[in-house]
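Student: Going by this note's numbering, the sequence shown runs without a break in its numbering and finishes at 534. Note that CB positions come from ideal geometry on N, CA and C, so glycine has one too. Here it is, the structure, as structure tokens.
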Amino acid sequence: MKPVHEASGGVDGYVSVEVNPALASDTEGTIAAARDLDQLIDRPNLYVKIPATAEGIPAINQMISEGRSVNVTLIFSLLRYAEVMEAYVSGLEARDGDLSDTSSVASFFISRTDSEVDRRLDAIGGESALALRGRAAVAQGQVAYEMFRKMFSGERWEALAARGARVQRPLWASTSTKNPAYSDTLYVDTLIGPDTVNTLPDATLRPSRTTARWHGRWMPTRLPPMPFSAT
304 MKPVHEASGG
314 VDGYVSVEVN
324 PALASDTEGT
334 IAAARDLDQL
344 IDRPNLYVKI
354 PATAEGIPAI
364 NQMISEGRSV
374 NVTLIFSLLR
384 YAEVMEAYVS
394 GLEARDGDLS
404 DTSSVASFFI
414 SRTDSEVDRR
424 LDAIGGESAL
434 ALRGRAAVAQ
444 GQVAYEMFRK
454 MFSGERWEAL
464 AARGARVQRP
474 LWASTSTKNP
484 AYSDTLYVDT
494 LIGPDTVNTL
504 PDATLRPSRT
514 TARWHGRWMP
524 TRLPPMPFSA
534 T
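The structure is reproduced here in structure tokens:
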């Protein structure tokens, strides 16, 4: 991936290596393990993978403040996503000088949201509840993208961008559909937007080459009221 990283000016071509999941509830342990991985591998295209647990948030902030690039993983709620973005931005603000050597993505696990919400909708039953199956994950992703656009704009962000800071891109993970009734590319077609990443498994990548649909527009940046909570 090094050639991709170099050709893209450090935007793409990253490889993620995760901290031991047993440390997910241990802030100091996560910080120590993340430092060790970063120093051991010592590559400019390394993302140290840290889960977005309550204990992981301060570890993410600390890593960014030290100039270490992070893939924030296992994001399932918008409230936690707001904390992830704040940890990244405030971590950058804690640093002096050029910020262009630090990068991050925020990884939402898309299909898992629908799996859980659909299960609850099935339990509720009734036409109105069942009509919402397969909609929660996309709605949440699109709201997250709106939050991303707001966070990485305005005076606060522009001051960091002037020092070379890179936006923390939303990364759509777990984008293979788990319900066979849904299109193979449901979580591809509906989550297209500038500065996003979609990590496609082979089973989704193959049909996306032939059946994924570009609707001629990005994700909406002003969304209508949802009939349910996307958090």
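1) May I ask which residues mark the beginning and end of the alpha helix (DSSP H) holding Ser441?
2) If contacts are defined as beta-carbon pairs under 8 Å, then Thr333 and Ala362 qualify, I think. What distance do you get, rounded to the angstrom?
3) Check each candidate in Val392, His308, Ala335, Phe412 and name the one with the smallest Cα separation from Gly444.
4) Please report the straight-line C-alpha distance between Ala439 and Gly313, rounded to a whole angstrom.
5) Please determine, among Gly370, Ala327, Gly400, Ile353, the residue with the shortest C-alpha to C-alpha distance to Arg346.
6) For the pair the region 470-485 and the region 498-506, tell me if three or more CB-CB distances fall below 8 Å.
7) Kindly indicate which three-state DSSP category Ser486 falls into: helix, strand or coil?
8) What is the residue span of the beta strand (DSSP E) that Arg472 lies within?
9) Under a three-way DSSP split, which group does Tyr317 fall into?
10) Check Asn501 in the structure and name its three-state DSSP category.
11) What number of angstroms, rounded off, separates the C-alpha of Ser372 from the C-alpha of Gly400?
12) With DSSP run on the structure shown, which of helix, strand or coil describes Asn364?
13) Could you tell me the alpha carbon to alpha carbon distance between Ile360 and Glu386, rounded to whole angstroms?
14) By DSSP, does Ser407 sit in helix, in strand, or in coil?
15) Between the Cα of Ser403 and the Cα atoms of Thr513, Ala442, Asp487, Ser368, which residue gives the shortest distance?
16) Give me, in chain order, the residues of the same chain whose beta-carbon lies closer than 6 Å to that of Glu321; leave out the 5 immediate sequence neighbours on both sides.
17) Out of Ser410, Gly429, Leu433, which one is the CA nearest neighbour of Asp421?
18) Restricting to Cα atoms, I'd like to know which of Phe379, Thr493, Asp425, Ala397 is closest to Ala468.
19) Around the C-beta of Gly394, are 16 or more other C-beta atoms found within 10 angstroms, so that it is buried, or is it exposed?
20) In the DSSP output, what is Asn374 paired with across the bridge?
21) When you compare each of Ser414, Glu430, Arg436 to Arg423 by their alpha carbons, which one comes out closest?
22) Just verifying my parser: in three-state terms, what is the DSSP assignment at Ser311?
23) Going by the beta-carbon positions, is the gap between Ser380 and Tyr350 smaller than 8 Å?
24) Classify Ser380 as helix, strand or coil using the three-state DSSP reduction.
Tutor: Inspection of the coordinates gives the following:
1) Taking the sequence shown and counting its residues from 1, one reaches residue 441 at position 138. What sits at residue 441 in the sequence shown is Val, not Ser. Start and end: 439-454.
2) Working through the sequence shown from its first residue, we reach residue 333 at position 30. Working through the sequence shown from its first residue, we reach residue 362 at position 59. The pair is a contact, with the Cβ atoms about 4 Å apart (cut-off 8 Å).
3) For the purposes of this step, residue 444 is taken as the residue at position 141 of the sequence shown. Comparing Cα-Cα distances from Gly444 to each of Val392, His308, Ala335, Phe412, the minimum goes to Phe412.
4) Locating residue 439 in the sequence shown gives position 136, counting from the first residue. Locating residue 313 in the sequence shown gives position 10, counting from the first residue. For Ala439 and Gly313, the distance between alpha carbons rounds to 33 Å.
5) Walking along the sequence shown from the start, residue 346 turns up at place 43. Answer by Cα proximity: Gly370.
6) yes
7) Here residue 486 refers to the residue found at position 183 of the sequence shown. Ser486 falls in the coil class under three-state DSSP.
8) For the purposes of this step, residue 472 is taken as the residue at position 169 of the sequence shown. Where Arg472 is concerned, the enclosing beta strand (DSSP E) stretches over 472-476.
9) Residue mapping note: residue 317 aligns to position 14 of the sequence shown, counting from 1. Coil at Tyr317, not helix or strand.
10) The residue you call residue 501 lines up with position 198 of the sequence shown. The answer is strand: DSSP assigns Asn501 an E or B state.
11) Along the sequence shown, read from residue 1 onward, the residue named residue 372 stands at position 69. Along the sequence shown, read from residue 1 onward, the residue named residue 400 stands at position 97. Looking at the two C-alpha atoms, the distance is approximately 16 Å.
12) Position 61 of the sequence shown, counted from the first residue, corresponds to residue 364. DSSP places Asn364 in helix when its eight states are reduced to three.
13) For the purposes of this step, residue 360 is taken as residue 57 along the sequence shown, with counting starting at 1. For the purposes of this step, residue 386 is taken as residue 83 along the sequence shown, with counting starting at 1. Taking the straight line from one Cα to the other gives about 7 Å.
14) Walking along the sequence shown from the start, residue 407 turns up at place 104. Strand.
15) As a position in the sequence shown, residue 403 is number 100, starting the count at 1. Comparing Cα-Cα distances from Ser403 to each of Thr513, Ala442, Asp487, Ser368, the minimum goes to Ser368.
16) One-based indexing of the sequence shown puts residue 321 at position 18. Hits under 6 Å: Lys352.
17) Residue 421 sits at position 118 when you count from the first residue of the sequence shown. Comparing Cα positions, the closest option is Leu433.
18) Locating residue 468 in the sequence shown gives position 165, where the first residue counts as 1. Per the Cα distances, Ala397.
19) Stepping through the sequence shown from its first residue, residue 394 is reached at position 91. Flag for Gly394 reads buried.
20) Taking the first residue of the sequence shown as 1, we reach residue 374 at position 71. DSSP lists Lys352, Val408 as partners of Asn374.
21) As a position in the sequence shown, residue 423 is number 120, starting the count at 1. Looking at the Cα atoms, Arg436 is the closest of the given residues.
22) Position 8 of the sequence shown, counted from the start, is the residue given in the question as residue 311. Three-state result, Ser311: coil.
23) Numbered from its first residue, the sequence shown carries residue 380 at position 77. Numbered from its first residue, the sequence shown carries residue 350 at position 47. No.
24) As a working mapping, residue 380 is identified with position 77 in the sequence shown. Correct three-state label for Ser380: coil.
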